[in-house]
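What follows is a short report on a single structure.
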Amino acid sequence: MVAFRIIKNLAKSRLAYKFEFFGNLIFSILWILLLVVIWQAVFLFSNLESIEGFTFHDLIFYYIIIQLIRHGLDVDISYRVEQLVRYGNFVSFLLKPISFPIFCFLDDLSEKLVNIFLKILPTFLVFVLIFGLPPSTLTSFLFGIISVIFAYLLMVLIDFMLSTLIFFTKSSHGIFDVFQTGLHLIDGILFPLIFFPEKVYSILLYLPFPYLTFFPTLVFLNKADFLNVLGFQVVWILLFFPLSFFLWHLSLKRIEGAGV
Amino acid sequence: MKREIVVLWKFFRLRLEEDMVYRLNFILLLSSFIIYDLFGPVLMVVVYHVSEGFPNWSFWEVLVLQASAIIVEELWFLFGSRVLFELEQNITSGRFDIYLIRPLSPLFLLFSSSCFPYGLFTLFVGVFILGYALPHLNITLISFLFYLLFLCSGFLFLISLTILFSSISVFVVKNKPLRDTIFTLITYGKYPTNIFPKLLRLIFTFILPISLIAYFPAKVILGKLFGFLTLLPFLISLLFFAFSLLSWKVAIERYSSAGG
Chain A
1 MVAFRIIKNL AKSRLAYKFE FFGNLIFSIL WILLLVVIWQ AVFLFSNLES IEGFTFHDLI
61 FYYIIIQLIR HGLDVDISYR VEQLVRYGNF VSFLLKPISF PIFCFLDDLS EKLVNIFLKI
121 LPTFLVFVLI FGLPPSTLTS FLFGIISVIF AYLLMVLIDF MLSTLIFFTK SSHGIFDVFQ
181 TGLHLIDGIL FPLIFFPEKV YSILLYLPFP YLTFFPTLVF LNKADFLNVL GFQVVWILLF
241 FPLSFFLWHL SLKRIEGAGV
Chain B
1001 MKREIVVLWK FFRLRLEEDM VYRLNFILLL SSFIIYDLFG PVLMVVVYHV SEGFPNWSFW
1061 EVLVLQASAI IVEELWFLFG SRVLFELEQN ITSGRFDIYL IRPLSPLFLL FSSSCFPYGL
1121 FTLFVGVFIL GYALPHLNIT LISFLFYLLF LCSGFLFLIS LTILFSSISV FVVKNKPLRD
1181 TIFTLITYGK YPTNIFPKLL RLIFTFILPI SLIAYFPAKV ILGKLFGFLT LLPFLISLLF
1241 FAFSLLSWKV AIERYSSAGG
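Here it is in structure tokens:
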């Protein structure tokens, strides 16, 4: 009940920034359109029916779905923790009658719920009106949603582990930026990872990053085995869950502040 | 002119020293910018790995295009990328008035005080890619000299666009959408203009000439631009620059400062 109230109140405050979100979404649409133009030229010039199992229509929906998932998974716990620590407000959070990691999770979840129902779903419907139905079945669509939920939990854990670095470095903005930029190179935002040379692709499969956006998108498009993807996501979550709490407790010992 | 160079150098040193306070953070941020620069070239490597690529562009030629885009973008990153952000901050805080009473052009002061030293280092990503691609192509000394001139014209276009948007910013103050627009236009300018639909090709050549960023410089060095056509893009960039200066003059005349 407390968690529900926290989510409800935080979701209300999130609604204040809807114009910024729509601004970001418009630029994401322009990015998708650029990629559509690039791949259209490639398909036409090379006279290809499909590339690695992706037809041009598949690719359009690949980019639409992966961009929407990316917006849905845009977890910024690390940034918020950095701001709290930098401006000295962090200690007051430790005095609140709720665990800080749980508060971070609920805070982020409230944002995601607002994004999904008021922004991502309507945007998806607009895309469907323009480009037609995605190459998905009802089952793959439902499996895709489950896969995204697990991807979100994985992303929360990764971002939370990253946020603990603030207690070990004087300024961790650079770490977050390197991580986010590097992630975009290997999470399938630029192109389906299967387009990479085989050796690179097979290495990526053993990392957690393709399970954040790339594989959930493939599950949506009915191009990946749902149970296999879910299995890998669960393994990574089970690995990162204790690790993130270990790092959190380690970082708590390094907190310095007035009266601490 | 000597005074301007001294002021520019002092601002550059100041910004560099500010950023170097946290050395590790500086290196990490620089790494993230370098990774970001590699997005386009990596996408091109993959495109040419899975297909025959773009019409009229070989792999090495498209690498020259990407390198040109990075060089022009990073020059702008160094001298113009933070101008809109600084302008917004200065207008909202009322500090912009100080620029107007100093014994130097407000526009020059705005650009020099907003310089972003990272651009000087990331510039070498473009130079490196260019150095890697050029030995695989037949380049003459004349075309290379023209190429340098065209890179300057691409840079001039981005500076003009920044001035034009700064003029708008004087009236609207909050300019994040304008900043995002410049980044989107730069991203569009990184790919061959001939892959876009005809209407967009015309717009990108004559109305919003983002072809100046990389397409025309690359065409010049590859010897694909002849006669009068060689001068046309350069003239367009000069016209655009003149127009942007005029817009700035109008904006400054109507600027009413905080509180009207």
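Going line by line, the protein sequences match chains A and B.
Take 1 as the starting number for the first sequence in this note's numbering and just add one per residue.
Take 1001 as the starting number for the second sequence in this note's numbering and just add one per residue.
Beta carbons are placed, not taken as given, at the ideal position from N, Cα and C, and that holds for glycine.
These figures come from a predicted structure and were not determined experimentally.
**OP:** Ignore the nearest five residues each way along the sequence and tell me which others in W957 (chain B)'s own chain have a CB closer than 7 Å to its CB.
**Re:** Because residue 957 (chain B) is not part of the residues shown, which for chain B are 1001 to 1260, the question remains open.
**OP:** Would you mind telling me which residues of chain B sit closer than 9 Å to F27 (chain A), beta carbon to beta carbon, in chain order?
**Re:** Indexing the first sequence from 1 puts residue 27 (chain A) at position 27. Result: P1177, D1180, T1181, F1183 and T1184.
Subject >> Buried/exposed call for L1104 (chain B), threshold 16 Cβ in 10 Å >> reply: Here the question's residue 1104 (chain B) lines up with position 104 in the second sequence. Using a 10 angstroms sphere on the CB of L1104 (chain B), the tally of other CB atoms stays under 16, which defines it as exposed.
Original post:
How is the alpha helix (DSSP H) around Y1036 (chain B) delimited, first residue to last?
Top reply: Counting from one through the second sequence, the residue named residue 1036 (chain B) turns up at place 36. Note, Y1036 (chain B): alpha helix (DSSP H), R1023 to D1037.
**OP:** Excluding the 5 residues preceding and the 5 following S28 (chain A) in the sequence, name in chain order all residues of the same chain whose CB lies nearer than 6 Å to its CB.
**Re:** As a first step, residue 28 (chain A) must be located in the first sequence, where it is residue number 28. Excluding sequence neighbours, S28 (chain A) sits near Q67.
Subject >> G188 (chain A) at chain B interface by Cβ criterion, 9 Å >> reply: Locating residue 188 (chain A) in the first sequence gives position 188, where the first residue counts as 1. For G188 (chain A), not one C-beta of chain B is nearer than 9 Å to its own C-beta.
Original post:
Whose Cβ in chain A lies nearer than 9 Å to the Cβ of P1041 (chain B)?
Top reply: Numbered from its first residue, the second sequence carries residue 1041 (chain B) at position 41. Listed by position along chain A, the residues whose Cβ is nearer than 9 Å to that of P1041 (chain B) form an empty set, because the closest Cβ is around 11 Å away.
Subject >> contact_flag[the segment 1203-1216 of chain B, the segment 1113-1130 of chain B] where n(CB pairs < 8 Å) is 3 or more >> reply: The segment 1203-1216 of chain B makes no contact with the segment 1113-1130 of chain B, as fewer than three CB pairs between them are under 8 Å.
Original post:
What residues in its chain sit with their C-beta under 6 Å from that of G1223 (chain B), if we drop five residues either side in the sequence?
Top reply: Working through the second sequence from its first residue, we reach residue 1223 (chain B) at position 223. Take G1223 (chain B), set aside five residues on each side of it, and the residues of its chain with a beta-carbon closer than 6 Å to its own are S1143, in chain order.
Original post:
What are the residues that DSSP puts in a beta bridge with F54 (chain A)?
Top reply: Position 54 of the first sequence, counted from the first residue, corresponds to residue 54 (chain A). Bridge partners of F54 (chain A): A:I51.
Original post:
Shortest alpha-carbon distance to L1229 (chain B) belongs to which of B:L1245, B:S1244 and B:L1212?
Top reply: For the purposes of this step, residue 1229 (chain B) is taken as the residue at position 229 of the second sequence. Across the set B:L1245, B:S1244 and B:L1212, the C-alpha of B:L1212 shows the shortest separation from the C-alpha of L1229 (chain B).
Original post:
What do you get for K223 (chain A), buried or exposed, if any count of 16 or more other CB atoms within 10 angstroms of its CB means buried?
Top reply: Stepping through the first sequence from its first residue, residue 223 (chain A) is reached at position 223. Buried.
**OP:** Could you work out which residues of chain B lie near I51 (chain A), taking near to mean beta carbons separated by less than 7 Å?
**Re:** The residue you call residue 51 (chain A) lines up with position 51 of the first sequence. Result: V1050 and S1051.
Original post:
To which residues of the same chain is T228 (chain A) closer than 7 Å at the C-beta, ignoring the five residues directly before and after it?
Top reply: On the first sequence, residue 228 (chain A) is found 228 positions in, with the first residue counted as 1. Just to set this straight, residue 228 (chain A) is Asn in the shown sequence, not Thr. Contacts found: none.
Subject >> The alpha helix (DSSP H) enclosing G1094 (chain B), as first and last residue numbers >> reply: By 1-based counting over the second sequence, the position of residue 1094 (chain B) is 94. Note, G1094 (chain B): premise wrong, no alpha helix (DSSP H); not H, not E.
Original post:
Which residues in chain B sit within 8 Å of L48 (chain A), going by Cβ to Cβ distance?
Top reply: Within the first sequence, the letter at position 48 stands for residue 48 (chain A). Correct list: S1051.
Subject >> Among B:V1220, B:Y1215, B:I1182 and B:Y1188, nearest to R1082 (chain B) - alpha-carbon criterion >> reply: Walking along the second sequence from the start, residue 1082 (chain B) turns up at place 82. Nearest in C-alpha terms to R1082 (chain B), of all of B:V1220, B:Y1215, B:I1182 and B:Y1188, is B:I1182.
Subject >> Same chain, Cβ closer than 6 Å to I1236 (chain B), neighbours up to 5 away in sequence not counted >> reply: For the purposes of this step, residue 1236 (chain B) is identified with residue 236 of the second sequence, where counting begins at 1. The beta carbon of I1236 (chain B) lies closer than 6 Å to those of P1209 in the same chain, with the five residues before and after it left out.
Subject >> Distance, D1019 (chain B) Cα to F1026 (chain B) Cα >> reply: Locating residue 1026 (chain B) in the second sequence gives position 26, counting from the first residue. Locating residue 1019 (chain B) in the second sequence gives position 19, counting from the first residue. Cα to Cα, the separation comes out at about 6 Å.
**OP:** With D1254 (chain B) as the anchor, note down where its alpha helix (DSSP H) starts and where it stops.
**Re:** As a working mapping, residue 1254 (chain B) is identified with position 254 in the second sequence. Correcting the residue identity first, residue 1254 (chain B) is Arg in this sequence and not Asp. First-last of the alpha helix (DSSP H) with R1254 (chain B): F1228 to R1254.
Original post:
What did DSSP end up calling P1117 (chain B) once you bin it into helix, strand or coil?
Top reply: As a working note, residue 1117 (chain B) is residue 117 in the second sequence. P1117 (chain B): coil per DSSP, three-state reduction.
Subject >> V229 (chain A) (DSSP reduced to helix, strand or coil) >> reply: Translated into the one-based positions of the first sequence, residue 229 (chain A) becomes position 229. Here V229 (chain A) sits in helix by DSSP.
**OP:** Report the three-state DSSP secondary structure of I1139 (chain B) (helix, strand or coil).
**Re:** Translated into positions along the second sequence, residue 1139 (chain B) becomes position 139. Here I1139 (chain B) carries a coil assignment [DSSP, helix/strand/coil].
**OP:** Using a Cβ cut-off of 9 Å, pull out every chain B residue sitting near H173 (chain A), in sequence order please.
**Re:** Counted from its first residue, the first sequence places residue 173 (chain A) at position 173. Neighbours of H173 (chain A) on chain B, chain order: Y1022, N1025, L1028 and L1029.
Subject >> Under 7 Å from the C-beta of P293 (chain A): neighbouring residues of chain B >> reply: As displayed, chain A neither begins before 1 nor continues past 260, which places residue 293 (chain A) out of reach and without an answer.
**OP:** Using a Cβ cut-off of 9 Å (strictly closer), state whether T1205 (chain B) contacts chain A.
**Re:** Counting from one through the second sequence, the residue named residue 1205 (chain B) turns up at place 205. For T1205 (chain B), the answer is no, since every Cβ of chain A falls outside 9 Å of its Cβ.
Original post:
Just the Cα atoms here: how many angstroms apart are P1055 (chain B) and A41 (chain A)?
Top reply: Start at 1 with the first residue of the second sequence, and residue 1055 (chain B) comes out as number 55. Start at 1 with the first residue of the first sequence, and residue 41 (chain A) comes out as number 41. Per the coordinates, the alpha-carbon of P1055 (chain B) lies some 8 Å from the alpha-carbon of A41 (chain A).
Original post:
Run through DSSP, which three-state label would R1082 (chain B) get?
Top reply: The residue labelled residue 1082 (chain B) in the question sits at position 82 within the second sequence. Collapsing the DSSP output to three states places R1082 (chain B) in coil.
Original post:
Is I255 (chain A) helix, strand or coil by DSSP?
Top reply: The residue you call residue 255 (chain A) lines up with position 255 of the first sequence. Residue state, collapsed to three classes: coil.
Original post:
Any idea if R1254 (chain B) is buried or exposed, counting beta-carbon neighbours within 10 angstroms, 16 or more meaning buried?
Top reply: Counting from 1 along the second sequence, the entry for residue 1254 (chain B) is found at position 254. Around the beta carbon of R1254 (chain B), a 10 Å sphere encloses fewer than 16 other beta carbons of the protein chains shown; the residue is thus reported as exposed.
**OP:** Would you kindly check if the distance between the Cβ of S244 (chain A) and the Cβ of F160 (chain A) is under 9 Å?
**Re:** As a working note, residue 160 (chain A) is residue 160 in the first sequence. As a working note, residue 244 (chain A) is residue 244 in the first sequence. The beta carbons of F160 (chain A) and S244 (chain A) sit closer together than 9 Å.
**OP:** Show which residues of chain A have a CB atom less than 9 Å away from the CB atom of F1054 (chain B).
**Re:** Taking the second sequence and counting its residues from 1, the one referred to as residue 1054 (chain B) is at position 54. Neighbours of F1054 (chain B) on chain A, chain order: I38, A41, V42 and F45.
**OP:** Please indicate yes or no: does the CB of F240 (chain A) lie closer than 8 Å to some heavy atom of the ligand GDP?
**Re:** The model depicted lacks the ligand GDP and carries no ligand whatsoever.
Original post:
Hey, out of B:L1087, B:P1135 and B:F1216, whose CA is closest to P1192 (chain B)'s CA?
Top reply: The residue you call residue 1192 (chain B) lines up with position 192 of the second sequence. It is B:F1216.
Subject >> Y1191 (chain B) (DSSP reduced to helix, strand or coil) >> reply: Against the second sequence, residue 1191 (chain B) aligns to sequence position 191. Three-state result, Y1191 (chain B): coil.
**OP:** Below 9 Å between beta carbons is the criterion; list the residues of the segment 1219-1231 of chain B that meet it against any residue of chain A, in chain order.
**Re:** So the list is empty, because no residue satisfies the distance condition.
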